[in-house]
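Start counting the sequence shown at 6; every next residue gets the next number (the UniProt record's numbering).
Backbone N, C-alpha and C fix where the C-beta goes; we use that ideal spot for every residue, glycine too.
Written below as structure tokens is the structure these notes are about.
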Amino acid sequence: SRMRIDILTLFPEIALAPLSESIIARAREAGIVEVRAHQLRDWAKDKHRRTDDYLCGGGQGMLLLPGPLFDAIEELRRPETKVILMTPQGKVFKQAIARELSQEEHLLIICGHYEGVDHRVIDELVDLELSIGDYVLTNGAIAAAVVTDAIVRLLPGALGDERSPEDESFSDPNLLEAPAYTKPADFRGLKVPDVLLSGHHAKIEEWKKAKALERTRANRPDLLDS
Ligand code: ADE
Numbered sequence: 006s007r008m009r010i011d012i013l014t015l016f017p018e019i020a021l022a023p024l025s026e027s028i029i030a031r032a033r034e035a036g037i038v039e040v041r042a043h044q045l046r047d048w049a050k051d052k053h054r055r056t057d058d059y060l061c062g063g064g065q066g067m068l069l070l071p072g073p074l075f076d077a078i079e080e081l082r083r084p085e086t087k088v089i090l091m092t093p094q095g096k097v098f099k100q101a102i103a104r105e106l107s108q109e110e111h112l113l114i115i116c117g118h119y120e121g122v123d124h125r126v127i128d129e130l131v132d133l134e135l136s137i138g139d140y141v142l143t144n145g146a147i148a149a150a151v152v153t154d155a156i157v158r159l160l161p162g163a164l165g166d167e168r169s170p171e172d173e174s175f176s177d178p179n180l181l182e183a184p185a186y187t188k189p190a191d192f193r194g195l196k197v198p199d200v201l202l203s204g205h206h207a208k209i210e211e212w213k214k215a216k217a218l219e220r221t222r223a224n225r226p227d228l229l230d231s
């Protein structure tokens with residue numbers, strides 16, 4: 006049955022923009038997934054629709070208040086919901102996590118802003134804290150779109166039948182993909198490697214494996230350690 010992903014953020018348009026074109030837009034139109042973004046400010050109580058405040062004990066920046074987040078999450082979650090918080094303090098998002106999350110019925114993705122969220126939200130309501138990498142974005146909505154894209158493309162039917170997500174980087178064996186070429190065979194004197202034009206499938210596979218290993222050693226030696 007169709008997966009549902011709700012994104013809670015101060016910037017719903019930032020979260021939805023990358024999910025409104027191409028493959029993910031088609032998956033949504035085909036009913037493979039229902040994606041919705043919600044404006045956190047709609048759950049603010051006071052007349053200024055305040056969603057953040059200064060840190061207790063001092064420190065730079067602002068934190069999202071627990072009130073609007075508790076009310077929103079309690080309204081949007083269901084018994085089966087997995088509640089995820091996007092934060093640079095989270096577990097680093099990998100293809101294996103995308104695969105696991107693609108099996109869930111309902112994800113509710115909370116986007117941090119400024120210095121993050123009041124920790125009581127994390128202690129009481131969040132099942133999983135996720136980071137998309139070791140750098141700091143201005144806005145968790147960008148990270149939520151990244152995670153949503155990686156999950157939705159794994160759902161059955163999302164990529165169409167022409168390509169399966171099984172034989173790509175970060176599946177097993179954990180190697181980067183080999184260099185790839187298209188036409189023409191000679192571009193400004195730059196040649197496509199002969200083996201790829203040979204029609205010799207065993208040789209081509211052998212070449213790809215060697216090149217994948219070489220590329221992984223150069224760009225991602227950490228993948229070979231495990
Ligand atoms: N919010 C800001 N930076 C982030 C990151 N790297 N991952 C997830 N959420 C974030």
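Looking at chain D, is there any beta carbon in it that lies within less than 8 angstroms of the beta carbon of residue i?
i, result
"Asp58", "Judged by its chain identifiers, the structure shown contains no chain D, having just a single protein chain."
Applying the 10 Å Cβ sphere with the 16-neighbour rule, what's the burial state of residue i?
i, result
"Phe16", "buried"
"Phe98", "buried"
"Arg33", "buried"
"Thr92", "buried"
"residue 1", "Look at the range of the chain in this structure, 6 to 231, and you will see that residue 1 is not part of it."
"Ala190", "exposed"
"Ala35", "exposed"
"Thr143", "exposed"
"Leu90", "buried"
"Asp11", "buried"
"Cys61", "exposed"
Please return the same chain residues whose Cβ sits closer than 7 angstroms to the Cβ of residue i, not counting the five positions on each side in sequence.
i, result
"Asp76", "Trp48"
"Arg54", "Arg46"
"Leu202", "Ala190"
Ligand 1 and residue i: does the residue's C-beta get closer than 7 angstroms to at least one heavy atom of that ligand?
i, result
"Ile137", "yes"
"Met91", "yes"
"Val197", "no"
"Gly59", "Checking the displayed sequence, the identity of residue 59 turns out to be Tyr instead of Gly. Because no heavy atom of ligand 1 lies under 7 angstroms away, the Cβ of Tyr59 does not count as near it: no."
"Gly117", "yes"
"Gly66", "no"
"Val126", "no"
"Gly204", "no"
"Val141", "yes"
"Gly145", "yes"
DSSP puts residue i in a beta bridge; with which residues?
i, result
"Ser136", "Val97"
"residue 1", "For the chain, the structure presents residues 6 to 231; residue 1 sits outside this window and is missing."
"Phe192", "Leu195"
"Asp76", "For Asp76, which the question treats as bridged, DSSP gives no partner whatsoever."
"Cys61", "Note: Cys61 sits in no beta bridge, so no partner."
"His118", "Asn144"
"Ile89", "Ile114 and Leu133"
"Leu68", "Asp58"
Grab me the residues of residue i's own chain with a C-beta within less than 6 angstroms of its C-beta, minus the 5 sequence neighbours each way, in chain order.
i, result
"Glu85", "Glu110 and His111"
"Asn179", "Leu228"
Beta carbon of residue i, beta carbon of residue j: below 8 angstroms?
i, j, result
"Leu135", "Lys96", "yes"
"Ala146", "Ala20", "yes"
"His43", "Leu81", "yes"
"Gln100", "Phe175", "yes"
Say yes only if the C-beta of residue i is nearer than 7 angstroms to one or more non-hydrogen atoms of ligand 3, and no if none qualify.
i, result
"Leu160", "The ligand content of the structure shown is limited to ligand 1, which means ligand 3 is not among them."
Tell me which same chain residues have a C-beta within less than 8 angstroms of the C-beta of residue i, skipping the five on either side of it?
i, result
"Pro161", "Ile37"
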